[in-house]
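Engineer: Position one of the sequence shown corresponds to residue 1 (our numbering), numbered consecutively onward. Shown below is the structure under consideration.
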Amino acid sequence: MSSIEAAAAASAGLDVASRADVHKLHGGAIGLMGVLQLTVTGAAPITAMLGNVPIVVGNGVGIGAPAAFLFATVVLTIFSVGYAEMARKVSAVGGFYSFISHGLGRELGMALALGSIVAYSVFEASLAGGFAYFASAKLVGWGITIAWPYLAMVMLAAVAACSYFDVKISAAILGVALVGEVIALAVFDVGVFTSPSAVVNTAALNPLAAFQSFEAPSGNLTAGVASIGLFFAFWSWVGFEMAPNYAEESKNPKKIIPLSLYISVISLGIFYVITSWAALSAYPTPADAIAAGQTDAANFFMKPAGVFVGVWLTDVMSYLILISSFACGMAFHNTASRYLYSLGREGILPASIGKTHPKYKAPYVASFTQSAIAAILVIVFAAALGKDDPNQAYAGLYGLMALFGTTLILVAQAVVSIAIIAYFRREHPEDHHWFKTLVAPAIAFVAQIAVIAMLVLNLDFLSAGYSFAKWIPGLTIAILALGIAGAMILKRINPAKYDAIGRMIYQGVD
Numbered sequence: 001m002s003s004i005e006a007a008a009a010a011s012a013g014l015d016v017a018s019r020a021d022v023h024k025l026h027g028g029a030i031g032l033m034g035v036l037q038l039t040v041t042g043a044a045p046i047t048a049m050l051g052n053v054p055i056v057v058g059n060g061v062g063i064g065a066p067a068a069f070l071f072a073t074v075v076l077t078i079f080s081v082g083y084a085e086m087a088r089k090v091s092a093v094g095g096f097y098s099f100i101s102h103g104l105g106r107e108l109g110m111a112l113a114l115g116s117i118v119a120y121s122v123f124e125a126s127l128a129g130g131f132a133y134f135a136s137a138k139l140v141g142w143g144i145t146i147a148w149p150y151l152a153m154v155m156l157a158a159v160a161a162c163s164y165f166d167v168k169i170s171a172a173i174l175g176v177a178l179v180g181e182v183i184a185l186a187v188f189d190v191g192v193f194t195s196p197s198a199v200v201n202t203a204a205l206n207p208l209a210a211f212q213s214f215e216a217p218s219g220n221l222t223a224g225v226a227s228i229g230l231f232f233a234f235w236s237w238v239g240f241e242m243a244p245n246y247a248e249e250s251k252n253p254k255k256i257i258p259l260s261l262y263i264s265v266i267s268l269g270i271f272y273v274i275t276s277w278a279a280l281s282a283y284p285t286p287a288d289a290i291a292a293g294q295t296d297a298a299n300f301f302m303k304p305a306g307v308f309v310g311v312w313l314t315d316v317m318s319y320l321i322l323i324s325s326f327a328c329g330m331a332f333h334n335t336a337s338r339y340l341y342s343l344g345r346e347g348i349l350p351a352s353i354g355k356t357h358p359k360y361k362a363p364y365v366a367s368f369t370q371s372a373i374a375a376i377l378v379i380v381f382a383a384a385l386g387k388d389d390p391n392q393a394y395a396g397l398y399g400l401m402a403l404f405g406t407t408l409i410l411v412a413q414a415v416v417s418i419a420i421i422a423y424f425r426r427e428h429p430e431d432h433h434w435f436k437t438l439v440a441p442a443i444a445f446v447a448q449i450a451v452i453a454m455l456v457l458n459l460d461f462l463s464a465g466y467s468f469a470k471w472i473p474g475l476t477i478a479i480l481a482l483g484i485a486g487a488m489i490l491k492r493i494n495p496a497k498y499d500a501i502g503r504m505i506y507q508g509v510d
């Protein structure tokens with residue numbers, strides 16, 4: 001047993017801040033704004049709106065889109081209550097993996113570590129598909145045609161290059177993108193709501209509308225399924241939960257990380273509800289919005305922006321969606337890299353993956369590994385769906401990978417909710433709180449499991465267009481089972497490494 005494994009085997013874990021023999025990330029590199037830039041940009045407001053709202057409206061709940069975002073806001077805010085309390089106790093680059101390992105044991109921790117790696121890996125590939133779709137639309141307007149897989153690869157290469165350097169570089173790039181996104185969407189919202197031509201319908205905010213599917217409208221349009229709308233609403237937040245993964249690189253993480261969780265989930269929620277409502281209000285009828293969502297997703301926001309504000313906003317948004325997709329992909333890349341890095345540093349994966357760059361202190365080996373995974377996914381989808389139709393990049397790579405990854409994230413967040421309850425009852429009964437560490441996590445667990453169940457019960461709708469959809473539940477179970485089996489095997493063949501699972505924490509600040 002190495003000295004690292006011996007120290008980590010203790011229940012309290014190994015404090016990496018006090019060890020010279022452990023590869024470390026760049027401690028104290030980012031403050032509250034830096035963490036927010038890295039996480040909120042992972043949620044990518046303009047990508048979430050321009051990429052997801054057409055699906056939530058056109059294939060999900062129609063006029064109930066704002067209500068779907070409102071429901072997700074409430075659920076994720078409640079989830080954040082317990083999640084923030086856990087972050088105050090366990091500061092670790094492993095995020096979900098570390099929290100679950102401490103609360104429910106190493107087997108489940110390893111299962112969700114694998115699940116999280118897969119989720120964030122496919123998210124980067126998903127965003128590459130979204131980038132390729134919108135980039136293709138932009139280039140066609142200039143009379144240029146480039147196959148979407150090549151555009152996706154350009155984005156992945158740029159992400160790999162930027163992520164090689166100090167986390168401060170990523171935070172700066174993401175921060176600039178975030179400011180531009182928020183301003184553009186705010187201008188769109190004001191332009192619509194102040195126009196006498198807007199059709200503002202308060203029924204869009206009826207909470208029940210979030211759970212109401214709709215029948216197929218006339219023509220070639222298809223029916224909407226509420227679970228699809230809810231899933232893509234939740235997908236719009238994926239990124240905020242990454243804050244604990246930056247604990248080791250942030251200043252005073254036990255204060256900054258919980259605060260960033262609350263700020264990001266609530267501010268994004270308010271913004272999403274207002275912007276999705278504005279988008280619906282830009283169409284004469286809900287049927288018109290549904291038709292646009294299904295047949296012209298790329299222009300769902302673009303055309304109203306030109307009508308209600310001006311062509312200049314359409315042009316600005318057409319560039320911002322590309323920047324946002326890139327920034328969002330980089331945020332997911334960073335998180336996937338940190339999960340790989342965490343497992344490498346703990347000896348679960350090859351030790352080389354747990355190395356940091358001698359100058360930039362970035363997890364560069366894990367970063368290159370993640371880039372390779374994302375590139376392979378793009379190649380596989382291009383081979384399966386074809387490279388000539390950019391709609392396959394949107395509906396296939398972007399849409400399906402978003403559903404798959406969001407399933408894994410919701411499962412992880414549901415399991416984390418139970419881990420929070422168990423951890424505080426067992427390890428910190430003195431800090432147990434009836435709402436923060438019991439009721440709130442319990443509500444979050446039930447709500448997220450319910451959303452997953454709704455999707456599983458409606459997979460026939462998705463598999464009619466893409467057969468991969470029907471494999472999502474089975475793949476999710478297989479990934480989790482593989483993680484559990486791996487931990488059990490490790491326990492038999494290398495108990496020291498098994499004991500170290502999820503036990504590297506950062507206690508650099510009291």
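All residues carry an ideal CB built from backbone N, CA and C; glycine is no exception.
1) Counting C-beta neighbours from all protein chains within 10 Å, is the total for I183 16 or more, i.e. buried, or is it exposed?
2) Since G130 and G51 are thought to touch, with beta carbons under 8 Å apart, how far apart are those beta carbons, to the nearest angstrom?
3) Between the beta-carbon of A375 and the beta-carbon of S337, is there less than 9 Å?
4) Is it buried or exposed for K497, if we count other Cβ within 10 angstroms and need 16 for buried?
5) Quick one: any contact between the segment 337-356 and the segment 178-193, if contact means 3 or more CB pairs under 8 Å?
6) Report the partner residues of G224 according to the DSSP bridge assignment.
7) Reducing DSSP to helix, strand and coil, say where I421 ends up.
8) Nearest to H102 by alpha carbon, out of A422, A485, G191?
9) Going by DSSP, what residue range makes up the alpha helix (DSSP H) through T369?
10) Would you call M317 buried or exposed, if buried means 16 or more other Cβ atoms sit within 10 Å of its Cβ?
11) Give me the Cβ distance between L70 and L261, rounded to the nearest whole Å; I'm assuming they're in contact under 8 Å.
12) How is the alpha helix (DSSP H) around A478 delimited, first residue to last?
13) Can you tell me whether T406 is buried or exposed, with buried defined as 16 or more other CB within 10 angstroms of its CB?
14) Give every residue of the same chain whose Cβ lies closer than 6 Å to the Cβ of H333, excluding the five residues on either side of it in the sequence, and list them in chain order.
15) Since P54 contacts A297 with CB under 8 Å, what's their CB separation in whole angstroms?
16) Across the segment 438-458 and the segment 477-487, are there enough close Cβ pairs to call them in contact, namely three or more that are closer than 8 Å?
17) Need the endpoints of the alpha helix (DSSP H) that Y97 sits in, please.
18) Which of helix, strand or coil does DSSP assign to I30?
19) Tell me, please, whether the CB atom of I30 is closer than 9 Å to any CB atom in chain C?
20) According to DSSP, is A20 part of a helix, a strand, or is it coil?
21) Excluding the 5 residues preceding and the 5 following N201 in the sequence, name in chain order all residues of the same chain whose CB lies nearer than 8 Å to its CB.
22) Between V187 and L408, is the Cβ-Cβ spacing less than 9 Å?
23) Sorted by chain position, which residues of the same chain lie with C-beta nearer than 7 Å to R492's C-beta, five sequence neighbours on each side aside?
24) Alpha carbon to alpha carbon, how far is P45 from E249?
25) By Cβ distance, which residues of its chain are closer than 7 Å to S324, with the 5 residues on each side in sequence left out?
26) Short check: CB of P304 to CB of Y133, under 9 Å?
27) Which runs of the alpha helix (DSSP H) at least 4 residues long sit entirely within the segment 168-206? Give them in chain order.
28) Cα-Cα, which of E427, P429, L343, V265 is closest to V40?
29) Closer than 7 Å by C-beta to M86: which residues in its own chain qualify, once you throw out the five before and the five after it? Chain order, please.
30) Enumerate in chain order the residues of its own chain whose CB-to-CB distance from L313 is below 8 Å, with the five nearest sequence positions on each side excluded.
31) With H, G and I counted as helix, E and B as strand and the rest as coil, what does DSSP make of G129?
32) M330 lies in the alpha helix (DSSP H); which residues open and close that run?
33) Hey, how far is the Cα of N220 from the Cα of I373?
Structural biologist: So, from the listed chains and residues:
1) exposed
2) 5 Å
3) The Cβ atoms of A375 and S337 lie no closer than 9 Å to each other.
4) It is buried - the Cβ of K497 has at least 16 other Cβ atoms within 10 Å.
5) no
6) Answer is F214.
7) helix
8) A422
9) 364-385
10) buried
11) Rounded, the Cβ-Cβ distance is 19 Å, inconsistent with contact.
12) 472-493
13) buried
14) E124, V159, S163, Q370
15) 4 Å
16) Judged by Cβ distances under 8 Å, the segment 438-458 makes no contact with the segment 477-487, as fewer than three pairs qualify.
17) 96-104
18) In this structure, I30 counts as strand in the three-state DSSP scheme.
19) In the displayed structure, chain C is absent; only one protein chain is listed.
20) The predicted position of A20 is uncertain, since its pLDDT is 47 and thus under 50; a value taken from the coordinates is nonetheless stated next. Note: A20 maps to coil in three-state DSSP.
21) Taking N201 as the centre and dropping the five residues before and after it, the same chain places the C-beta of I63, L280, S281, P286 closer than 8 Å to its C-beta, in chain order.
22) The answer is no: Cβ separation not under 9 Å.
23) none
24) 24 Å
25) A44, I46, T47, A177, E181
26) no
27) Runs found: none.
28) V265
29) F99, I420, Y423
30) A184, V187, F188, G191, A305, G306
31) Three-state DSSP puts G129 in a helix.
32) 311-345
33) 37 Å
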